[in-house]
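So the protein sequences, as listed, match chains P and C.
The working numbering puts the first residue of the first sequence at 22, with every later residue one more than the last.
The working numbering puts the first residue of the second sequence at 4, with every later residue one more than the last.
Cβ atoms here follow ideal geometry from the backbone N, Cα and C, with glycine treated the same way.
Only a predicted model underlies this, so the values are computations on that prediction, with no experimental measurement involved.
Notes for the one structure printed next.
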Amino acid sequence: MDEYISFEQIPFGSDDFANNPESRCPCILLLDTSGSMAGLPIEQLNEGVITLKNELVSDPLASKRVELAVVTFGPVHLEADFQTVGNFNPRNLTASGDTPIGAAITLGIDLVNRRKKVYKENGIGYYKPWIILITDGAPTDSYINAAQLVKEGEANNSFAFFAVGVEQANFTILKSISVREPLKLKGLMFREFFLWLSSSMKMVSSKNPGSNINLLPPSGWAEL
Amino acid sequence: MTWKLIGKSVIGTSHVQSGKDCEDSNHFEILNNGQENEIAIGFVSDGAGSAKFAKQAAIRAVQEAVSISIQYIEDEVEIEEKHLVALVERIYDIFRIESAAINVPLNEFSCTLLGFITLPHKSCFLQIGDGAIVRNDGSGHFTYIWWPQNGEYQNTTSFIVDDANVRNLQVKIIHEKIDEIGMFTDGLQMLALDYDSECAHQPFFNDLFKWLRRAESAEHVSILNRKLDEYLSSTSINNRTDDDKTLLLATKYIL
Chain P
22 MDEYISFEQI
32 PFGSDDFANN
42 PESRCPCILL
52 LDTSGSMAGL
62 PIEQLNEGVI
72 TLKNELVSDP
82 LASKRVELAV
92 VTFGPVHLEA
102 DFQTVGNFNP
112 RNLTASGDTP
122 IGAAITLGID
132 LVNRRKKVYK
142 ENGIGYYKPW
152 IILITDGAPT
162 DSYINAAQLV
172 KEGEANNSFA
182 FFAVGVEQAN
192 FTILKSISVR
202 EPLKLKGLMF
212 REFFLWLSSS
222 MKMVSSKNPG
232 SNINLLPPSG
242 WAEL
Chain C
4 MTWKLIGKSV
14 IGTSHVQSGK
24 DCEDSNHFEI
34 LNNGQENEIA
44 IGFVSDGAGS
54 AKFAKQAAIR
64 AVQEAVSISI
74 QYIEDEVEIE
84 EKHLVALVER
94 IYDIFRIESA
104 AINVPLNEFS
114 CTLLGFITLP
124 HKSCFLQIGD
134 GAIVRNDGSG
144 HFTYIWWPQN
154 GEYQNTTSFI
164 VDDANVRNLQ
174 VKIIHEKIDE
184 IGMFTDGLQM
194 LALDYDSECA
204 HQPFFNDLFK
214 WLRRAESAEH
224 VSILNRKLDE
234 YLSSTSINNR
244 TDDDKTLLLA
254 TKYIL
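As structure tokens, this is what we get:
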């Protein structure tokens, strides 16, 4: 992980596995911060991420178990590495640049695999990681390899990959990347989406690792 | 840059609630004694909650301790245990004179003192009261110099001003090259020590030293020093302790 982040952003502190041996429920957000997100979309996204944190922090079990990471694009940038939600302090994201979805997915999968290795080394149980892609556009880089990694990961039960499209997102391409059906955000209902995500994560993290994921129905925020 | 030191004292939530100041203090210096051998000096102190001048005593104790240590180095004193005892006795005398001057009991200046002076071929440690000093034994394992001095009860300990002969003072010279030292006041004892197995809590120090080892410039060290302050003020710490807390970390390791 460490080669991806600057010294300014390191998660300094001891949130060690000995003090908190709870099983971890990792969730990484791959967030589109390209130029087209400027204005209201990025504002709503920022508020949504804060909602997610606040919802999870207030749940005693989720606050010990859920770990969040954030990758933004473009360019691809590790905004926050995996940490329990109490230590997750989302910074305000700004919109600029292109939409390298392929590179963002590849980095996200790499980070998930590394995190699992850390859990194993520390004897910490873990839940199936969630990778959540949110975009309002189409890849500006090659995504063929990334799509292949997603398919392999889903087939091997290594993680669950969800794609959420906003407004003008290219759903044809999202469908070719995500094994699960991509969901279309209704308007800019980021807040509702992140409330749904936090409820789903609270539910998952309150069960034992390995239990089947029963997602809450994506009601309210998705166009079905 | 050889030695990298960071240290912060942060007010506890119980002191905030009762309107008190932070009564912990720390002070550290890095000296180059001319032979490219850097010397690190660090002291921490915890002023007694019941003492009227706890804050002033803690600040004064660490500043005097560092300046006396620097004087020893400048005078090329071969520091032995008796010099460490003399250092604390001088601070005792300062408190005695100051308390007499303003006509208050000496115990209004009650504070603990822990410190180290690392020389090229040996390291000197002293401690009076609770808190602890740990050192990397060279294999990546942290061992404490002394287990915290608590009395019968968790909230009783000894202070510099307890006794003119500083009988509760512990001093030790270790004739080894020591490259990594952590030091903390009692506010962090529950996090930094493992009471079940009576040893230093290894993950705590590993997590924090990991980044200090990686620091490559004065700028990195100052970023970490700021982050240490944020960390000691964070909810994850405040959920475990409501007391003032001081942490000082020193390393020569480079990753």
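Starting from residue i, follow its DSSP beta bridges and name the residues at the other end.
| i | result |
| --- | --- |
| residue 129 of chain C | C:118, C:174 |
| residue 47 of chain C | C:29, C:117 |
| residue 74 of chain P | Beta-bridge pairing links residue 74 of chain P to no other residue. |
| residue 147 of chain C | C:137 |
| residue 182 of chain P | P:152 |
| residue 93 of chain P | P:52, P:98 |
| residue 250 of chain C | C:11, C:187 |
| residue 47 of chain P | P:88 |
| residue 197 of chain C | C:202 |
| residue 206 of chain P | P:243 |
| residue 42 of chain C | C:34 |
| residue 104 of chain P | P:89 |
| residue 153 of chain C | C:160 |
| residue 259 of chain P | What the structure shows of chain P is the stretch from 22 to 245, and residue 259 of chain P is not part of that stretch, so it cannot be assessed. |
I'd like to check one pair, residue j with residue i: are the Cβ atoms closer than 8 Å?
| i | j | result |
| --- | --- | --- |
| residue 109 of chain C | residue 48 of chain C | no |
| residue 180 of chain C | residue 148 of chain C | no |
| residue 16 of chain C | residue 241 of chain C | yes |
| residue 191 of chain C | residue 11 of chain C | no |
| residue 30 of chain C | residue 247 of chain C | no |
| residue 251 of chain C | residue 186 of chain C | yes |
| residue 140 of chain C | residue 255 of chain C | no |
| residue 154 of chain P | residue 126 of chain P | yes |
| residue 127 of chain C | residue 97 of chain C | no |
| residue 82 of chain P | residue 218 of chain P | no |
| residue 131 of chain C | residue 69 of chain C | no |
| residue 89 of chain P | residue 104 of chain P | yes |
| residue 226 of chain P | residue 148 of chain P | yes |
| residue 44 of chain C | residue 105 of chain C | no |
| residue 223 of chain P | residue 80 of chain P | yes |
| residue 139 of chain P | residue 172 of chain P | no |
Spatial neighbours of residue i within its chain, please: CB distance less than 7 Å, with the 5 preceding and 5 following residues excluded, ordered by chain position.
| i | result |
| --- | --- |
| residue 22 of chain P | Unreliable placement is indicated for residue 22 of chain P, whose pLDDT of 41 sits below 50; no coordinate value is reported for it. |
| residue 34 of chain P | 108 |
| residue 168 of chain P | 197, 198 |
| residue 62 of chain P | 157, 187, 209 |
| residue 65 of chain C | 28, 29, 30, 46, 47, 48 |
| residue 53 of chain P | 94, 120, 155, 156, 157, 158 |
Could you compute how far the alpha carbon of residue i sits from the alpha carbon of residue j?
| i | j | result |
| --- | --- | --- |
| residue 53 of chain C | residue 114 of chain P | 47 Å |
| residue 88 of chain C | residue 75 of chain C | 13 Å |
| residue 268 of chain C | residue 137 of chain C | Residue 268 of chain C lies beyond the stretch modelled for chain C, which goes from 4 to 258, so this question has no answer here. |
| residue 297 of chain P | residue 111 of chain C | Nothing can be reported for residue 297 of chain P: it is not among the residues displayed for chain P, which extend from 22 to 245. |
| residue 113 of chain C | residue 99 of chain C | 11 Å |
| residue 45 of chain P | residue 31 of chain P | 20 Å |
| residue 234 of chain C | residue 42 of chain C | 27 Å |
| residue 107 of chain C | residue 162 of chain C | 17 Å |
| residue 72 of chain C | residue 34 of chain C | 11 Å |
| residue 137 of chain P | residue 143 of chain P | 10 Å |
| residue 40 of chain P | residue 77 of chain P | 19 Å |
| residue 122 of chain C | residue 7 of chain C | 15 Å |
| residue 55 of chain C | residue 25 of chain C | 13 Å |
| residue 221 of chain C | residue 27 of chain P | 15 Å |
| residue 153 of chain C | residue 160 of chain C | 5 Å |
| residue 253 of chain C | residue 228 of chain C | 11 Å |
| residue 214 of chain C | residue 142 of chain C | 18 Å |
| residue 102 of chain C | residue 166 of chain C | 15 Å |
| residue 220 of chain P | residue 194 of chain P | 28 Å |
| residue 182 of chain P | residue 244 of chain C | 39 Å |
In chain order, what residues of the same chain have a beta carbon less than 8 Å from the beta carbon of residue i, not counting five sequence neighbours either side?
| i | result |
| --- | --- |
| residue 68 of chain P | 211, 212 |
| residue 71 of chain P | 111 |
Excluding the five sequence neighbours on either side, which residues of its own chain have a C-beta within less than 6 Å of the C-beta of residue i, listed in chain order?
| i | result |
| --- | --- |
| residue 197 of chain C | 204 |
| residue 124 of chain P | 97, 162 |
| residue 135 of chain C | 147, 151 |
| residue 244 of chain P | 205, 207 |
| residue 180 of chain P | 133, 150, 152, 174 |
| residue 50 of chain P | 91, 153 |
| residue 178 of chain C | 125 |
| residue 208 of chain C | 145, 185 |
| residue 129 of chain C | 87, 118, 174 |
Which residues of the region 124-150 of chain C have a Cβ closer than 7 Å to any Cβ of chain P? Give them in chain order. Cβ contacts with chain P: none found.
With 7 Å as the limit, tell me which residues of the region 71-105 of chain P have their beta carbon closer than that to any beta carbon of chain C; keep them in chain order. Against chain C - using a Cβ distance shorter than 7 Å - the region 71-105 of chain P contributes no residues.
Output needed in chain order: residues of the region 209-228 of chain P with a Cβ under 8 Å from some Cβ in chain C. Cβ contacts with chain C come from no residue of the region 209-228 of chain P.
Give the residues from the region 104-130 of chain P that approach chain C closer than 7 Å (Cβ to any Cβ), ordered along the chain. Here the close residues are 107, 108.
Residues of the region 178-196 of chain P with a CB closer than 8 Å to any CB of chain C: list them in chain order, please. From the region 178-196 of chain P, no residue has a Cβ closer than 8 Å to chain C.
Quick one, which residues of the region 234-247 of chain C are near chain P if we go by CB-CB under 7 Å, in chain order? The region 234-247 of chain C vs chain P, Cβ under 7 Å: 234, 237, 238, 239.
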